Structure formats: structure tokens, C-alpha cells
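Its first residue numbered 3, the sequence shown is counted upward by one per residue in the working numbering. C-beta: ideal position from N, C-alpha, C; glycine also. None of the values given here were measured: they were computed from a predicted structure.
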Amino acid sequence: MPFQTTSLCASALLFLGVPAWAHVTLEQAQAAQGSTYKAVLRVGHGCEGLPTTAIRVELPADFQRAKPMPKHGWSLSSKTAKLAQSYDDHGTQITEDVTEITWTAKSPEFALQDSEYDEFVLRGRAAMPVGAAWFKVTQLCQEGSKTGRNPWTEVPASGTSTRGLKYPAALLNVTAAPSAPAALGHQGHGAASAPVPPAASSTPTNHPHAGHKH
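As C-alpha cells, then:
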């Protein structure tokens with residue numbers, strides 16, 4: 003029957019669409035190695051109906067100089083840790099770095115309701131190795147005495163497929179840095195672009211007394 007077929011198709015599409023909105027994801031899931039990356043974490047629901055009151059992000063190893071974007075009505079906190087190997091940042095040796103960032107609603111009125119969508123933003127340098135990097139997000143929820151928690155921290159044993167994971171972490175694919183452009187003038191191109199001035203004439207041919215002896 004047409005009605006039943008239409009209903010079944012709509013139900014199937016709705017079911018297939020759930021995973022895309024069910025977990026915390028990155029708006030841009032790819033970054034070049036060594037580039038400045040803006041991580042926009044998308045939160046589409048609460049914890050089984052409860053509003054979200056905190057988002058805690060564990061950063062991938064080698065994600066450098068992370069800075070969060072403030073949100074109105076939410077407080078910010080971060081954790082730092084000593085690095086196994088320091089790195090240079092504009093002439094300064096960095097020996098410890100941010101490893102975790104947390105946004106917390108200052109009061110229930112600022113909590114992210116289950117029916118609402120919002121984004122939590124941070125930026126830093128994607129110095130991770132080429133391949134998969136995971137942002138592990140813990141979502142905390144509360145309404146009155148009821149509390150909830152979604153630990154979006156699971157990663158696959160191998161590869162990048164999150165199929166079968168109940169609480170997958172947010173995946174960032176780190177690609178190889180683009181090669182530097184060739185320098186101008188390479189292989190003789192620069193020399194050819196320089197204009198050559200005309201040779202000066204030893205005899206002014208247009209002078210009225212040119213060639214006459216005095």
C-alpha cells in the first residue's frame with residue numbers, strides 16, 4: 003500500500019539520520035598538520051532529556067596552545083600538564099600545555115536544554131601526527147536532583163570507523179601539510195621578468211648639427 007510504503011521509508015530515513023545527531027561531532031573533521039585549527043564541537047541533545055550543564059574536552063596529544071572561546075553564562079576552566087618533549091613557540095620553549103578544557107553553566111537558566119543545539123569552540127595548533135586524532139568529550143547534565151552523563155570518549159581499536167560504539171569520541175583527520183610554493187626566480191624565471199633598458203646611442207641623430215665639424 004502507498005501509505006505503508008511512504009511511512010516505512012520515512013521511518014527508515016529518520017532512523018538513519020539519528021546517528022548524525024546522536025553524538026558530539028566536529029564541524030570541520032579535517033585539518034592539515036601544523037595548521038591552526040578551530041575545533042567547533044556540536045552538541046545536539048542532553049542526557050536522556052536532561053539539560054546539559056557542562057562540557058569537558060580532553061584534547062588529543064600534541065594539540066598545542068589550545069584556547070577556548072568564552073560563552074555567555076558559562077564559566078571556563080582548563081588543566082595543564084608537563085610535556086614529554088618541549089616545543090618552540092615563537093622563540094619560547096613550551097614545557098607544559100593545556101590538556102583539558104571545561105565549560106560549565108553558571109546557573110540553571112544558562113543550561114543547554116535537551117531541545118536545543120549549541121556549539122563549543124576552541125582553537126590551537128594541530129601538531130599531531132598524520133592520521134586520526136580524537137577529541138574526547140564528557141557531557142554532564144542536571145535538572146534539580148536528577149543528573150546524567152554522556153561520556154563521548156570511545157575510540158575504535160583500529161581504524162576510524164565508530165560503528166558499534168555507543169559513545170564515540172569526535173574524530174579529526176590530520177592530513178599531510180601542503181608543500182611550500184616554489185620560490186620566484188627559480189629555474190631562471192625571475193631573470194626573464196626583469197625589463198632590459200635600451201642601449202644609449204653614442205650619436206644624437208636628431209641634433210641639427212650632428213656629424214658637422216666645427
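DSSP bridge partner residues for residue i (one or two, in chain order)
i: V132; result: Looking at the DSSP assignment, V132 forms no beta bridge with any residue, so it has no partner.
i: Y39; result: G126
i: A34; result: T177
i: E121; result: R44
Neighbour-count burial assignment, residue i, 16 or more Cβ in a 10 Å radius
i: A194; result: Unreliable placement is indicated for A194, whose pLDDT of 46 sits below 50; the coordinate value is still reported in the next sentence. Under this definition A194 is an exposed residue.
i: H25; result: buried
i: A33; result: buried
i: G126; result: buried
i: V132; result: exposed
i: K138; result: buried
i: Q57; result: Going by the sequence as given, residue 57 is Ile instead of Gln. Counting Cβ neighbours within 10 Å, I57 comes out buried, since at least 16 surround it.
i: T177; result: exposed
i: T266; result: Residue 266 is absent from the structure shown; the chain starts at 3 and stops at 216.
i: Y119; result: exposed
i: Q35; result: buried
Simplified DSSP state of residue i, which is helix, strand or coil
i: E29; result: coil
i: A113; result: coil
i: C11; result: For C11, the predicted structure reports a pLDDT of 41, less than 50, and the residue's modelled location is therefore unreliable. The matter cannot be settled from this model.
Query raised in the report: Which full runs of the beta strand (DSSP E) of 3+ residues lie inside the segment 133–186, going along the chain?
Result: 133–145, 148–154, 172–177
Report task. Report yes or no: do the segment 42–61 and the segment 133–152 share at least 3 C-beta pairs separated by less than 8 Å? Result -> yes
Query - Given 8 Å, three or more beta-carbon pairs between the segment 104–115 and the segment 68–79 - result: yes
Requested in this report: Kindly confirm or deny that the segment 73–92 and the segment 160–167 touch, where touching means at least three C-beta pairs closer than 8 Å.
Outcome: no
Report task. Give, in chain order, every unbroken run of the beta strand (DSSP E) that is at least 3 residues long and sits entirely within the segment 45–108. Result -> 54–60, 65–70, 76–91, 94–107
Query raised in the report: Can you find at least 3 beta carbon pairs, one from the segment 97–105 and one from the segment 59–71, that sit closer than 8 Å?
Result: yes
Query raised in the report: Are there three or more Cβ pairs, one per stretch, closer than 8 Å when the segment 83–91 is compared with the segment 150–159?
Result: no
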